[in-house]
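Inspection log for the structure reproduced underneath, given as C-alpha cells.
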Amino acid sequence: MAEQAKETRVVSDVWDLTTYSWRVEADGLKLLVDGLKEGKILGRKCSRCNTVYVPGPCYCRKCFVDIDEVVEVEKTGRIVTFAVNLADIRGNPLDEPVISIVAKLDGSDSLYPGILEGIDWHEVEAGMAVKLALREELTGQLADITGYVPA
Ligand SMILES: [Zn+2]
C-alpha cells in the first residue's frame with residue numbers, strides 16, 4: 004500500500020461531479036443493508052488474495068474468481084482523502100461547510116465515502132481516525148449510516 008501523505012494539501016477549485024457514475028452490484032449492497040439491520044458492516048473476502056470488499060462484489064476485482072465469504076469489518080477506520088464543500092452544486096454558499104471524506108474501514112481494503120461531522124474542518128487531515136455513525140433505530144437501509152465522526 005502507498006505511504007500516507009505526511010501533510011494535508013489545500014486545493015481550492017470547483018469539480019463538477021454530476022457527469023460521473025458509479026456501478027454498484029445490487030447483491031453486495033443487499034448484504035451491506037442486511038448487516039446494517041444488526042448494526043454490522045458486512046463485506047466479502049477473496050479466499051485467494053484476502054482482499055476484503057465493502058460492499059462485497061460477487062467476484063474479486065484482482066483475481067477474477069467468484070467470492071462468497073462474508074466478513075464483518077470494523078466501524079472504525081482512517082481518512083484516505085477528503086474535500087470541504089463550501090458551496091452547494093449550484094455555487095450557493097453553505098451556512099456550514101460540509102466535510103466529504105473517503106475512509107478505509109479497519110479490516111477492509113475498500114474505501115467507503117461519507118460526511119464527517121463533529122469537527123472543525125480546519126482540523127481534518129488524511130490518516131485521521133474516524134468511526135461510522137449509525138442511526139439509533141436501524142432499518143436495513145444505506146441511510147442507517149449517517150456518516151462519520153472523529154474516533
Ligand atoms: Zn482476489
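Whatever position you read off the sequence shown (first residue = 1), add 3 for the working numbering.
We treat Cβ as the ideally placed atom computed from N, Cα and C, and that holds for glycine.
Helix, strand or coil for residue i, going by three-state DSSP, please let me know.
{"i": "A29", "result": "helix"}
{"i": "L141", "result": "coil"}
{"i": "A129", "result": "coil"}
{"i": "A136", "result": "strand"}
{"i": "V73", "result": "strand"}
{"i": "V36", "result": "helix"}
{"i": "M4", "result": "Any answer about M4 is weak, because its pLDDT of 45 lies below 50 and its placement is not dependable; what the coordinates show is given next. If DSSP states are grouped into helix, strand and coil, M4 belongs with coil."}
If contacts are defined as beta-carbon pairs under 8 Å, then residue i and residue j qualify, I think. What distance do you get, rounded to the angstrom?
{"i": "G117", "j": "I148", "result": "7 Å"}
{"i": "E72", "j": "K48", "result": "5 Å"}
Per the DSSP calculation, residue i is bridged to which residue(s)?
{"i": "N88", "result": "V101"}
{"i": "A106", "result": "I82 and Y115"}
{"i": "I44", "result": "V76"}
{"i": "V55", "result": "K48"}
Which two residues bound the contiguous beta strand (DSSP E) that contains residue i?
{"i": "Y62", "result": "It is not in any beta strand (DSSP E) - Y62 carries neither H nor E in the DSSP assignment."}
{"i": "P153", "result": "I148 to P153"}
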